Structure formats: structure tokens, C-alpha cells
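Heads up, my numbering is the position in the sequence shown plus 5, with the first residue counted as 1. All C-beta atoms, glycine included, are put in the ideal place defined by N, C-alpha and C. Model, not experiment: these values are computed from the prediction. All remarks here apply to the structure that follows.
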Amino acid sequence: MTIDSTATPRLGLKANWQQFTLLVIINAFVGGMVGLERSILPEIASQDFQLDSRTAIFSFIIVFGFVKALANYLAGALATRWGRKNLLILGWLIGLPVPFLLMLARDWSLVVFANVLLGLNQGLTWSTTVVMKIDLVGQKNRGLAMGLNEFAGYISVALLAFITGWVAAEYGLRPYPFVVGIGIAFLGLLFSVAFVRDTIPHVQLEARQSRQSEMKNIFLQTSFLHPNLSSVTQAGMINNLNDGMMWGLFPLLLASKGFSLKAIGILTAIYPAFWGAGQLITGKLSDHLGRKPLLFWGMILQGATLIGLVFAQSFWAYFILAALLGIGTAMVYPTFLAAIADNTHPHQRAHSVGIFRLWRDSGYVFGAILTGILADAFHLEIPIIAIGILSALSGLIIGIRMRERHPQLAELHPDSR
């Protein structure tokens with residue numbers, strides 16, 4: 006599954022299908038690493054470490070989100086200087102100890118440290134695979150490429166969340182649910198070292214063809230000033246704010262309703278499963294309909310379904326709402342990255358993607374802190390309502406401020422900033 010590194014690079018999914026497929030597989034391994042703890046770590050905090058404070062339980066999400074956000078930024082800033090492949094390998098080396106720490110930790114601080122390493126692993130590896138796929142396919146199929154990338158990652162999150170929830174119900178919360186993570190980490194490292202080729206030559210080729218102009222201050226433009234880039238960035242942060250809430254609070258909400266560990270494992274897997282599978286459709290759809298409609302309606306759907314969780318009672322009500330939340334997230338997740346790529350010069354793409362992912366994954370931090378404070382001060386339902394409202398407002402910002410309605414506008418009007 007390698008390509009001749011001496012061959013002249015060509016852009017396009019068909020021309021680069023071998024390396025593209027390899028990177029999809031590697032991203033599935035990346036998603037599997039975070040899926041290991043998705044459905045059971047809040048229960049481990051409560052049962053194994055007797056943590057009662059919601060804020061204390063969410064500390065692992067706060068640390069994970071903060072470190073991953075910084076790693077995203079570093080990956081974007083260093084991708085061209087150090088090379089994509091080198092950053093990918095570094096990310097896997099950092100991730101190797103994570104399953105061992107989660108299996109064997111006797112103090113909560115070791116669990117938090119494992120999430121420091123996991124955040125670095127996720128930021129470096131996921132950011133790198135995202136940028137490398139965009140490098141390979143060119144503009145025509147960016148949405149499809151991101152849909153395939155995020156599909157692989159989040160289906161793996163869902164699969165591992167289900168597997169670890171089932172294993173925990175049958176054999177206990179530790180150590181057995183984390184054994185599979187050892188194999189995932191070693192395979193990810195092996196594939197990255199042995200088979201991946203760097204994509205810098207593809208960037209140089211696209212730069213010669215691009216009509217996008219380079220921006221003077223890529224951080225300010227991506228974060229605040231560019232109407233398309235900054236609109237996408239704020240929505241990305243709010244999206245992960247509500248995902249951070251779901252990660253930490255949803256299993257606890259279900260447990261408070263009397264659901265079993267098996268039921269919690271299924272319901273916590275449904276949301277990322279629909280999120281992952283839906284991106285096979287929504288990524289390509291954004292190539293045809295444009296980025297803005299999917300971003301607007303996706304955030305509105307997220308807000309509505311989060312508020313609906315407060316009123317649900319039965320297993321099937323939660324099942325349907327979790328599925329709808331996954332669909333709403335699938336509408337926006339690959340579209341975020343495609344929209345960032347549409348509006349940046351190839352030489353600045355990795356940096357802009359890194360800045361976007363810095364803000365996006367900061368949402369985990371803000372979401373966990375906000376959720377923990379509100380849940381401790383009031384009830385579990387209050388942070389769900391608050392974050393649902395924020396998600397809907399984020400969609401309205403997209404509707405009002407984002408100019409782009411079709412991806413081709415980025416090429417037709419490269420200076421419309």
C-alpha cells in the first residue's frame with residue numbers, strides 16, 4: 006500500500022487511492038484510542054476512585070481537550086517544517102503508554118496523565134491524517150475525503166465504546182476493556198513507519214495551481230476576522246463543547262435513570278455511530294450543495310436534540326435522540342474541515358486547520374468545565390439545556406455571517422475576505 010516516492014505527484018482521490026486508504030485505516034486506529042474510555046471512564050471515576058464531584062470526574066476531559074487543542078495547533082504549525090509523516094509517528098509513540106496507564110492506574114492523577122498523553126496522540130495523529138488527505142485529493146472531493154476520514158475515526162470511536170462497555174459489564178471496568186488498545190497503538194505506529202509517504206510534494210503542486218491568496222495573519226483571520234473561516238471556527242468550538250458534555254454527562258445521566266452498563270454502552274455508542282456513518286453521505290453532499298447549508302442545519306439539529314434529552318425517559322427515546330444528535334454532528338464535522346481548506350492557500354492550509362482544531366477542541370475544555378459547574382450547582386438537566394441553546398445560537402451565527410454557499414465560490418472569489 007505504498008507509492009513510488011520518486012514519481013511525479015498527482016492530485017485526486019483516484020490517483021492516490023492507496024495512500025488515501027492507508028490513511029483512512031490509520032485514522033480508524035486513532036479513533037479507537039479515544040473510544041477505549043468513551044463509555045466507561047466516568048463510571049471508573051465514580052466506582053474505582055470514589056469521585057463524587059462532577060467537576061472532578063470531568064477533569065480527564067478538561068485535560069484531554071486542553072492538551073489535544075494545543076497539539077492540534079502545533080501539528081498545523083509544524084506540519085510543513087517537520088513533515089507530516091514525522092508528526093504522525095511522534096503521535097503514535099506518545100500514545101503507546103495510554104492503554105497500560107488506564108489498565109493499571111491506582112491513583113486518579115495517573116488517569117489524568119494518561120489523558121494528557123492521549124490528547125497529544127489525538128492532536129498529532131488526527132490532525133496529520135486530515136491534512137494529508139486534503140493534500141492528496143485536491144479541491145474536487147474535499148468534502149468526500151473529510152467524510153471518509155471522519156467516518157473511519159468516529160465509527161471506530163463508536164465500535165470501541167460499545168466493545169469496552171460490553172467487556173466492562175461482563176468482566177469488570179478494568180483491566181480487560183483496555184487490552185485492545187495495546188494492539189491498536191502498535192498497529193498505528195507500525196503502519197505509519199512502514200507504509201505512509203509524506204504529502205509535501207502534493208502541497209507544492211496544488212500551490213502552483215491555486216488562485217487563493219495568502220493571508221497576512223492566519224491566526225486572526227481563522228479565529229476572528231475572515232467571515233467564513235471564523236464562522237466555521239466558532240461552530241467547531243460549540244460542536245465540541247456539546248460533545249464534551251455528552252462524553253462526561255450522558256453516561257451519568259443514563260445511570261441516574263437506572264439504565265444498566267450494557268444499555269449505557271449501547272446508547273453512548275449510538276451517537277458516534279450515526280456521527281461516523283453519516284459522514285459518508287454528508288461529506289460528499291457538501292461538495293454538491295455547498296458548506297453553509299449543512300453547517301447551519303447541523304448546528305440547529307444538535308441544539309434541538311440536546312434539549313430533547315431532558316424530556317426523554319425510555320431507552321428508545323434516548324436511542325432516537327442520540328441518533329439525531331449523531332446526524333446533526335455528521336452534517337457539520339467533515340464540512341468544517343472542507344470549508345477551512347476551501348478558504349485557505351495550500352501553503353497555509355495545515356496552519357489554518359491547526360488553528361481551527363485548536364479552537365474546536367478547546368470546546369472540550371469549556372464544555373467539561375461548564376457542565377461540571379452547572380451539574381454540581383443544579384441538576385444534570387441544566388447543562389444539557391444551556392449547551393443545547395448555545396448550539397442553536399451557533400447555527401444562527403453561521404446563517405447570518407458566513408458568506409459562502411457553494412465550495413466553488415472559494416475559487417471564483419479568492420479575495421472575498
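Note the first and the last residue of the continuous alpha helix (DSSP H) segment covering residue i.
i, result
"residue 267", "266–294"
"residue 100", "89–100"
"residue 365", "351–382"
"residue 347", "320–347"
"residue 237", "232–261"
"residue 176", "147–176"
"residue 397", "386–406"
"residue 227", "First-last for residue 227: undefined, no H or E at that position."
"residue 188", "184–199"
"residue 106", "103–109"
So, for residue i: in the same chain, excluding its five sequence neighbours on each side, which residues have a beta-carbon less than 7 Å away from its beta-carbon?
i, result
"residue 258", "385"
"residue 189", "34, 37, 38"
"residue 315", "386, 389, 390"
"residue 173", "45, 182, 266"
Give every residue of the same chain whose Cβ lies closer than 6 Å to the Cβ of residue i, excluding the five residues on either side of it in the sequence, and list them in chain order.
i, result
"residue 157", "29, 32, 33"
"residue 306", "333"
"residue 54", "113"
"residue 243", "395, 396, 399"
"residue 344", "237, 296"
"residue 10", "At residue 10 the pLDDT is 46, less than 50, meaning the model places this residue with poor confidence; the figure from the coordinates comes in the next sentence. Only 202 meet the Cβ criterion."
"residue 155", "284, 338, 339"
"residue 21", "141"
"residue 110", "116"
"residue 71", "370"
"residue 393", "308, 311, 312"
"residue 288", "148, 149, 151, 152, 339"
Could you give the C-beta distance for residue i and residue j, rounded to a whole number, given that I count them as a contact under 8 Å?
i, j, result
"residue 118", "residue 253", "Going by Cβ atoms, the distance from residue 118 to residue 253 rounds to 18 Å, so no, they are not a contact pair."
"residue 83", "residue 292", "29 Å between Cβ atoms; not a contact."
"residue 266", "residue 170", "6 Å"
"residue 354", "residue 136", "7 Å"
"residue 236", "residue 403", "5 Å"
"residue 290", "residue 240", "No, residue 290 and residue 240 are not in contact; Cβ-Cβ is about 17 Å, not under 8 Å."
"residue 223", "residue 49", "Contact doesn't hold; Cβ gap of about 40 Å is too wide."
"residue 74", "residue 367", "5 Å"
"residue 278", "residue 160", "7 Å"
"residue 374", "residue 67", "6 Å"
"residue 153", "residue 272", "At roughly 26 Å, the Cβ-Cβ gap does not stay under 8 Å, so residue 153 and residue 272 are not in contact."
"residue 16", "residue 211", "6 Å"
"residue 249", "residue 97", "With 8 Å as the limit, residue 249 and residue 97 do not qualify as a contact, their Cβ atoms being about 24 Å apart."
"residue 129", "residue 80", "5 Å"
What is the DSSP secondary structure of residue i, counted as helix, strand or coil?
i, result
"residue 116", "helix"
"residue 56", "coil"
"residue 221", "coil"
"residue 315", "coil"
"residue 204", "coil"
"residue 304", "helix"
"residue 143", "coil"
"residue 32", "helix"
"residue 41", "coil"
"residue 126", "helix"
"residue 77", "helix"
"residue 69", "helix"
"residue 179", "coil"
"residue 213", "helix"
"residue 15", "coil"
"residue 25", "helix"
"residue 48", "helix"
"residue 309", "helix"
"residue 84", "helix"
"residue 61", "helix"
So, for residue i: in the same chain, excluding its five sequence neighbours on each side, which residues have a beta-carbon less than 8 Å away from its beta-carbon?
i, result
"residue 52", "178"
"residue 108", "179, 180, 183, 184"
"residue 196", "27, 30, 31, 34"
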